[in-house]
Structure formats: structure tokens, C-alpha cells
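Chemist:
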Amino acid sequence: MAKAVLMQGNEAAVEGAITAGMRFFAGYPITPSTEIAEQSALRLPQEGGKFMQMEDEISSIAAVLGASAAGMKAMTATSGPGFSLMQENIGYGAMAEIPCVIIDVQRTGPSTGLPTSPSQGDYMQARWGTHGDHPVIALSPSSVLETYTLIIRAFNLAEKYRTPVIFLMDEIVGHMREGVVLSNPRDLIINRRKMSFHDGANKQCYFVPEGEYVPAMKPFGQGERYNITGLAHDVSGFPVNSSEIAGRLVTRLLDKVEKNADDICRVEEFAMDDAEIAVVCFGGTARAVMDAVLQAREAGKRVGMFRPITVWPFPEKQLRARLPQLKKILMVEHNHGQMLLEVQRTVGGALPVDFLGRIDGTVISPADILAKLSEMEGKNHAE
Amino acid sequence: MPSDLVHLYMRIDHLPQIWCPGCGNGVIMRDVAVAIDELIHDEENSINREDIVIVSGIGCSSRAAGYLDFNSIHTTHGRAIAFASGIKMANPKLHVIVLTGDGDCSAIGGNHLIHAARRNLGLTVVCFNNDIYGMTGGQYSPTTPNGDKATTAPYGNVDRPFDIAVLAAGAGASFSARGDVYHARETIDIIKRAIRHKGFSLVDVYSICPTYYGRKNRKGDAVEMLRWQKENLLPTARYYSMSEEERAGKKQIGILSYNDYPEYTEEYAKIIAACRGKAKKQGGDGT
Amino acid sequence: MSKRYEMRFAGSGGQGVILASVIIAEAAVIAGLNAVQSQAYGPEARGGVSKAETIISRDKIWYSKVTRPSFLLALTQASADKYAKELAEDAVVMLDESLAIPAGLDPSRVIVVPVLRTAKEKVGKAFTANIVAVGAINRALRLFSDEDLLEGVRRHIPAGTEDINRKALAEGAALITDAQAAACARRI
Chain V
69 MAKAVLMQGN EAAVEGAITA GMRFFAGYPI TPSTEIAEQS ALRLPQEGGK FMQMEDEISS
129 IAAVLGASAA GMKAMTATSG PGFSLMQENI GYGAMAEIPC VIIDVQRTGP STGLPTSPSQ
189 GDYMQARWGT HGDHPVIALS PSSVLETYTL IIRAFNLAEK YRTPVIFLMD EIVGHMREGV
249 VLSNPRDLII NRRKMSFHDG ANKQCYFVPE GEYVPAMKPF GQGERYNITG LAHDVSGFPV
309 NSSEIAGRLV TRLLDKVEKN ADDICRVEEF AMDDAEIAVV CFGGTARAVM DAVLQAREAG
369 KRVGMFRPIT VWPFPEKQLR ARLPQLKKIL MVEHNHGQML LEVQRTVGGA LPVDFLGRID
429 GTVISPADIL AKLSEMEGKN HAE
Chain G
6 MPSDLVHLYM RIDHLPQIWC PGCGNGVIMR DVAVAIDELI HDEENSINRE DIVIVSGIGC
66 SSRAAGYLDF NSIHTTHGRA IAFASGIKMA NPKLHVIVLT GDGDCSAIGG NHLIHAARRN
126 LGLTVVCFNN DIYGMTGGQY SPTTPNGDKA TTAPYGNVDR PFDIAVLAAG AGASFSARGD
186 VYHARETIDI IKRAIRHKGF SLVDVYSICP TYYGRKNRKG DAVEMLRWQK ENLLPTARYY
246 SMSEEERAGK KQIGILSYND YPEYTEEYAK IIAACRGKAK KQGGDGT
Chain U
49 MSKRYEMRFA GSGGQGVILA SVIIAEAAVI AGLNAVQSQA YGPEARGGVS KAETIISRDK
109 IWYSKVTRPS FLLALTQASA DKYAKELAED AVVMLDESLA IPAGLDPSRV IVVPVLRTAK
169 EKVGKAFTAN IVAVGAINRA LRLFSDEDLL EGVRRHIPAG TEDINRKALA EGAALITDAQ
229 AAACARRI
């Protein structure tokens, strides 16, 4: 059996990625994600993989897309300012359907902000950062072990849906060390679905069979030539100026995530069976929420935690299923109210949704959450 | 009727190309195709057509990737060299050829150009340098000569221009050269040598843009502009046979700098070999 | 061991307090306990006050920040003064001998040890001060077996430095008297 080791969240991301088959990393140093680049530089050549320190984050994501197109599972990692720089090419990856994983270890913004302090202020940027309507899958871990297992899932989803997957970490989890026992779930790894022009009649590199959403991928530069572009293109991969074809393409790109939300969305629910109040949170914030829920339960309060692990698409179906039993929702996040908007949209006014956020770089404590829950109770009595 | 070359190496369905009448880009694209063709048919050391990857950015020049019938990837503005870096790292046996323009490679992509040159990563960059942003309608670029006019320099360009081949050489490119539209044969030979070169190679090919740059600056039509190239851009031997006075205002066509610095992917392969050798010695599984 | 230790390690950047906290957490993991370690990152780690935290528990640890420190190691006056104000009632404080006991801190809760001097004079390398401290902490709090602690150290030191680090651990442990250890054991 593998032995327990103390591991940092950022290191666990690299180990998980390598387990998932990541063999190319390109990145640029930025706090608090730098350890991911350092660990990749150390570990990848040991696995026959390759690391490149690029001149900026724009070239980092570009090199990752290039390497992935050419057949390697590839990843980059950054934080807020670098994530902003990557946005254009994330859209390229979505449009050209090139799988990859982009880690954003969120820090307090805006701008240079508080580089070493935690935040979850990039939640909406992960969804809407690049221009134009595009599909997004984003996952957010709340522990070191989950960082390891979830990034494997991030690579799997990237391959399955041929799209960039954003791995939305935060400084809390990225810089925290915990004891972990790493497994190697080789049988759970999804490898690239490859197609060849030589298989049957189809000569179209973006051909999608009826009823499916995702084209299999043709290895680029491995014997069968085709074209890749970020322009609106037809199934042959060439640019077209047809509104019909462009509309059909982008609709398919959006559908492949939206219509597969059941497969993509995962949540963690704790003490939700009889909960009347759900505390919704994601990522590192869940650590304080768990303690607060345990303490509230000790005090006899029917409080539970609802944690989206898949943060995009927002797991609205899962949350909606809980609404009949709930009286209130408290959204706790380290920003000014971003996932709150998704919760409110999902709840649609059926319940009061309260909010506890923080944007000053400090961490929300269990005591803060308990105080907020008491305050909500007080409001209840006043009503 | 299309020539054999067009039939062989261009995507006929996607022609005619979008370039204006008199544009030099079609000639440079043909130079690239001829260079590749001659390398494919080089009896002593032929290269495999399927190992050619054309990478382009955004701009007039970058549309060439779509017309050339090789593995092709048309990327984002300025980032072709960065995409190409990932492709080359993933599969070092590929001949990765970046087709770019003066704006794409020396303005928005200037940083990637100098860093790829510094690393000596084995890419070949062919810059279609027409001194102007053509796709967006005639704005000045980093190579527009000082004082020249453009839609964004209506009173004359205040900026001083880059010499892209000199820039690349200064950044450490192990192969830096200059070509032009007029001297097609010389330029084809230069591109062939650039593709053969193991490290980073750059060929700055002077194109002509009669539509925007030429018209704005009263340079005459395409023929006039080519005549200027004929008279002022001189193959190396001729250039150096001239006295300094005769050379004034003229530029050399040919290889400007060349050396055999270690190539990046080969150096990285040594690191992998060393790491894996060590892992095996220590009883690692080496998988 | 009691249910939960919340430990804070403070000093100036370069003294290795972060590594000390990491080693304690690693040893806890080796001993089969739960541990979470975190630190103040950034400019602080390069010359200002440096702070690291380790929580050890038999139970699952959720919230990763120390809220009621049951132990404080301070190697500079500034860090001692700053963090002495944020202690649990029964906390143990370990201070380097070069420091004054912060005002308002009950001296009976303080163990004064010559960590920095021992590293320099007895071990012979000033940079081993954090390992000396780890040895002293483990002897005082009786957290882990010597083997688990040594393995915890081993996982975080460069190859070839094992002997000097082993010596630093031993010299650190030797700084704690039986009476001090017994007092700490009573307290936590």
C-alpha cells in the first residue's frame, strides 16, 4: 500500500496531472501557483515528459494548446493576472476543440491585488473570461487529496469533451499541506479518442455522428494532414463565412457541455438529508463551512453543506432538488458575490438567499459563518 | 490553369486566395511551397511531407496556412511561435514552419519571437514583411519606415522601425536571413536552408503591399515596388562586391548570421535521458 | 495525545520556521495522525515576520487556520510579542533564550531554550536552528516517537545532511529537562 505523505495542494495537482497522463507543461511563475511549475519542472522529465518556462502566460497557454494538438496531454498553471492574459487562447482552445487543463490558483484581486492572499474572485472570469459564447468546464477542489483526484477528472473531462478545463484552485488549498495517500486509478484514465481519415468514408476532421456532440480527435502532425483554426469553420476544419455553419458550430460547442451537465456536474453534500439551511460554498471555503456545520449541528440546528465540485456548469439540477426541504440558503465565498448569482438564478426567488463574502484577503472562519447563521435566525424571529 | 505545384501543395478548393492583386504574399507562399517541394525531392536527404507543420498567426500572411496542403494550424494574433513551440516540443521530429507577418511576429508577437530565438528551439519562421497592417486596412507596423504614412500615421510615422532579421540575430537566433519577393530563387534557397537548420531560423522576406503601403506612400504599383526591390535588395555576393558608397540605402538578401548553438528539444531530451537513467539506477520503474 | 494541537511557528524569514512546521506535520502523518500545515507566504518569507501553522488531530481537520494556538514557537522578539497575544488559555510557549518574555505572558507557561546558540555552537551550523527547535518541541510535547520524527526530517532535507540534522534533533531534545517535559505534559 502506498504510504501517507505530507503534500501541498499545488504539488498534488502536479502528481494528479502526471497520473492522468500529463506530459507537457508550459507556464510562467506567479504566486501562489509557482510550486506547480516548479514541481512540473522536477517531475516531468522523470516521466519522459517536458516542461517549458515561457516568456509569459499568453505563450504558456499557446504552447499547451500546440502540444496538446500534437498529441500530448498538456497543462498550464497560473493565478489571477496570468489567468487574465490567457483568456484569448482559452477561447481558441474551446473553438478549435483542443483538450487541456488550466489551473488558476486564485489570489486576491483585482489587478496585482494581494498576491499571497486567498480569494475566489475569478469564479465568473472562469466562465466568461474569454470573449464570445463558449463552453466551459471548471472544477474546484477543497482539499489536497481532492486536488489529486479531481485534476485526474479534469483531464478526463478535457479529453471526453475536447475542451479546455479550468481547474479553479485557491490559495487556501494550493498552499496548504495535508497528509495524503495517493492511489493510481489507471483504469479510470480517459485517453484521447482518436480518429483517422483511413477509418471508413469520413474525411472530415470535425465530423460528429448524429446524436453526438464531440468529434473524435485526429492526431496532428502524425501522418494525416488537416487544418485547425480559431475562425468559424465547417466540419472539414476550414474557415467559412456562413452564418448557418457558424451558428451550428457554436451551438454544438455549447451543447456538448450543457446537454452533458449530468455527466459533468458533481457536488458534495454534507448533512443535507434533513437540512433546512444549506450553506453553499466551493473550494477552500468548504473547510470553514464544514467546521461551522458540525458546530451548528451540535447546537441542534438543521444546517447542511452543499458544495459544487463542478463549479461550471453550475450544478443547478442538484441544488434545485434540495429546494423543497430548505427554508434558507447561505452562500459563503471569498469574493463579492459571484456564485451567489448562480444560486439566486437557480433558486429563482423560491427561498431567501443570504450571503457571506470576503474580499480583503483574509479567510472566512467557522465563527464568522456561525455568527451569520445566528444573524439569519434573528431575522427569522423578527419576521 | 493551376501549375503542378499548386495542384500538389495547395488546397485548390480554398483558392483563389484573399490577397489583393499585386500583393507579394502569393509569391512568398509559392517560395515556401517550392522550398518544401525541393526538400521532399532531395535525393540525398529528403524530408517527409507529413512531417511538415505550418503554423500561422493572424493577418494577411497568416492566411497562407489555410492554402498550403500540409498539417496546418491558424492560431491567434501574435502567438503562432508560441503554439509552434508546443508542437515542436510534443513532437521534435516535425518541421514546424511559422508563417507570420511583420505585425504578427514583431509587434504583438515580438516577445515570443525573441524568446524562441534565445532558446534556439528548432522552428523556422518565415515573416511576410510588407511594412503595414494589411488585413485591418493600412495601419503602420513595427517595420514601417520612419516618416512613412499609414492610416494611423497620417502625418508620417514617428516610430523608428525594427529590422526583424537583425532583431532575431540579436536575440540569439542561430539562423537569421533576409529574402524578398523579387529574388525568388535566392529566397527559396534561403528558406530551404532555414528548414534544414536544426535550431531556430528566421527568414524575414520583404513583401510588397501596393494596396495600402504602396498607395499611401506613392511607391507606385506592384511592378514599381518590385523594381525597387531589384535595385535595392542585393544578394550577398553582389552586396559585398560593392563599395560602401554604392551600398548606401541598399540591403543584403541572404543569410545574415549562422551558428550551431545546441537545439532546445535536443538539449531537453538529454535532461529526460539523464532523469530516467537516474530513476532506473535507483530502482524506479522508468515507465 | 489529546484531541487537537494547534501550533504556531514564528520567526524571521530565513530561520526555517516554515520547515519546522512542515516537519512536525510530516511526522504527524507518519505517525498516522491527521495534520494540516499552512504558512504566511510572500514577502514575509523573505526577511520579515514569518509565520507557519500546523494543526494535528486524531479527528479530520477541516478549517486549516489556527484559531486557538495551544503551542507557540517564537525565535524573534517581534514575533513573540505579536503572537503572545493570540494564545489559548493553556498554551505552551517556547522562546529562544535571546528573547524577553512578552509583557502579559504568564512566565510559568514559557519554556526558554537556547535554540539559536545550540545550533551555532553545539551542532556547529546556525541554519540547523529549526531542527534543534523541532527536537526540543517533540521532547517537550511528546508528540511522536523519535523514529517518526527522524523520518519526518529525512523527507525534507537534502541528501547528505542526515547526520548533522540527526545531531540537531538530539541537541534540541537535550535542551528540555524532565521537569519541563512533565510540566508541558500536564498542561496540554
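Protein chains in written order, with my numbering: chain V, 69 to 451; chain G, 6 to 292; chain U, 49 to 236.
Glycine residues also receive a C-beta, built at the ideal position from the N, C-alpha and C atoms.
This structure is a prediction, so every number in the text was calculated from the model and none was measured.
Let me know the secondary structure DSSP gives D238(V) once reduced to three states.
Modeler: Here D238(V) sits in strand by DSSP.
Chemist: Contact between the segment 254 to 270 of chain V and the segment 199 to 215 of chain V: three or more CB pairs below 8 Å?
Modeler: No: the two stretches stay apart, fewer than three of their Cβ pairs being nearer than 8 Å.
Chemist: Could you please tell me which residues of the segment 146 to 177 of chain V, in chain order, have their CB closer than 9 Å to any CB of chain G?
Modeler: Answer in chain order: E156, N157, G159, Y160 and A164.
Chemist: Closest by CA to G204(G), which one among D56(G), Y217(G), R123(G) and M247(G)?
Modeler: Ranking the options by Cα distance to G204(G), first place goes to R123(G).
Chemist: Quick one: Cα of F119(V) to Cα of V132(V), how far?
Modeler: Approximately 10 Å, taken between the alpha carbons.
Chemist: Which partner residues of L198(U) appear in the DSSP bridge assignment?
Modeler: None; L198(U) has no bridge partner.
Chemist: How would you write the range of the beta strand (DSSP E) that F119(V) sits in, first residue to last?
Modeler: From DSSP, the beta strand (DSSP E) with F119(V) extends over K118 to Q121.
Chemist: For a test of the three-state rule: what should DSSP assign to G183(U), helix, strand or coil?
Modeler: Of the three classes helix, strand and coil, the one that applies to G183(U) here is helix, per DSSP.
Chemist: Against chain U, does M244(V) count as a neighbour if the rule is that its beta carbon must be under 7 Å from one of theirs?
Modeler: By this cut-off, M244(V) is an interface position.
Chemist: Who are K256(G)'s beta bridge partners in DSSP?
Modeler: In DSSP, K256(G) forms a bridge with L238(G).
Chemist: Using a beta-carbon distance cut-off of less than 9 Å, what residues from the segment 412 to 445 of chain V approach chain U?
Modeler: Flagged, chain order: V431, S433, P434 and A435.
Chemist: Can you tell me the Cα-Cα spacing of R370(V) and Y131(U), whole angstroms?
Modeler: Roughly 36 Å between the two C-alpha positions.
Chemist: To the nearest angstrom, how far is the alpha carbon of V171(U) from that of V163(U)?
Modeler: Going by the C-alpha atoms only, they are around 10 Å apart.
Chemist: Could you say if the segment 126 to 133 of chain G and the segment 191 to 202 of chain G meet the contact criterion of at least three C-beta pairs nearer than 8 Å?
Modeler: Contact holds: three or more Cβ-Cβ distances are below 8 Å.
Chemist: Rounded to the nearest angstrom, what separates K243(V) and G279(V) at their Cα positions?
Modeler: Per the sequence shown, residue 243(V) should be read as His rather than Lys. H243(V) and G279(V): Cα-Cα distance of roughly 43 Å.
Chemist: Tell me, please, whether the segment 430 to 439 of chain V touches the segment 213 to 228 of chain V by the rule of three or more beta-carbon pairs shorter than 8 Å.
Modeler: As far as the Cβ criterion goes, the segment 430 to 439 of chain V does not touch the segment 213 to 228 of chain V, which means the pair count is below three.
Chemist: Would you call the CB atoms of Q85(U) and A76(U) closer than 7 Å?
Modeler: No; because the gap between Cβ atoms is not below 7 Å, this pair is not in contact.
Chemist: Return the residue from the list G225(G), M34(G), L172(G) and V11(G) that minimises the CA-CA distance to T105(G).
Modeler: When each option's Cα is compared against that of T105(G), the closest is M34(G).
Chemist: Give the interface partners of C280(G) over in chain V, defined as CB-CB distance under 8 Å, in chain order.
Modeler: Those are P113 and Q114, listed as they occur along chain V.
Chemist: Taking 6 Å as the limit between beta carbons, can you name the residues of its chain near I109(U), skipping five residues before and five after?
Modeler: Cβ within range, chain order: N82, V84 and I103.
Chemist: Which residues in the same chain have their Cβ closer than 7 Å to the Cβ of N50(G), if we skip the five residues on either side of it in sequence?
Modeler: Here the set comprises nothing.
Chemist: On the DSSP bridge assignment, give the partners of I397(V) in chain order.
Modeler: DSSP, once it has assigned bridges, lists A346(V) and V421(V) as partnering I397(V).
Chemist: Quick check: the Cα distance between P117(U) and R334(V), rounded to an integer number of angstroms?
Modeler: If you take the alpha carbons of P117(U) and R334(V), they lie about 36 Å apart.
Chemist: According to DSSP, simplified to helix, strand and coil, what is L373(V)?
Modeler: Before going on, a small fix: residue 373(V) reads as Met here, not Leu. M373(V): strand per DSSP, three-state reduction.
Chemist: For I17(G), count the other beta carbons within 10 Å of its own beta carbon; 16 or more makes it buried, fewer makes it exposed. Which is it?
Modeler: When all chains shown are included, I17(G) counts as exposed.
Chemist: Give the interface partners of M120(V) over in chain U, defined as CB-CB distance under 8 Å, in chain order.
Modeler: Per Cβ cutoff of 8 Å: no residues; M120(V) is ~25 Å from chain U at best.
Chemist: Between the beta-carbon of S210(V) and the beta-carbon of A80(V), is there less than 7 Å?
Modeler: It is not a contact, given that the beta carbons lie outside the stated cut-off.
Chemist: Where are the alpha helix (DSSP H) runs, 4 residues long or more, that stay fully inside the segment 60 to 101 of chain U, in chain order?
Modeler: The segment 60 to 101 of chain U contains these whole alpha helix (DSSP H) runs: 65 to 78.
Chemist: Checking the sheet assignment: what are the DSSP bridge partners for F119(U)?
Modeler: DSSP output for F119(U) lists M55(U) and V140(U) as bridge partner(s).
Chemist: Which stretch, first to last residue, makes up the beta strand (DSSP E) that contains H100(G)?
Modeler: Note, H100(G): beta strand (DSSP E), H100 to G106.
Chemist: For A105(V), is the classification buried or exposed, using 16 other Cβ atoms within 10 angstroms of its Cβ as the cut-off for buried?
Modeler: So A105(V) counts as buried.
Chemist: If the cut is a Cβ gap below 8 Å, which residues of chain U does A72(V) touch?
Modeler: Correct list: V77, I78 and G80.
Chemist: Is the separation between the beta-carbon of I427(V) and that of H404(V) shorter than 7 Å?
Modeler: Yes, these two residues count as a Cβ contact at 7 Å.
Chemist: Is any heavy atom in the ligand PLP found nearer than 6 Å to the beta carbon of L99(G)?
Modeler: For the ligand PLP, the structure offers nothing, since it holds no ligand at all.
Chemist: Any beta carbon of chain V sitting closer than 7 Å to that of S111(G)?
Modeler: For S111(G), the answer is no, since every Cβ of chain V falls outside 7 Å of its Cβ.
Chemist: For A329(V), which residues in the same chain have their Cβ closer than 6 Å to its Cβ, ignoring the five residues on either side in sequence?
Modeler: Contacts found: P381.
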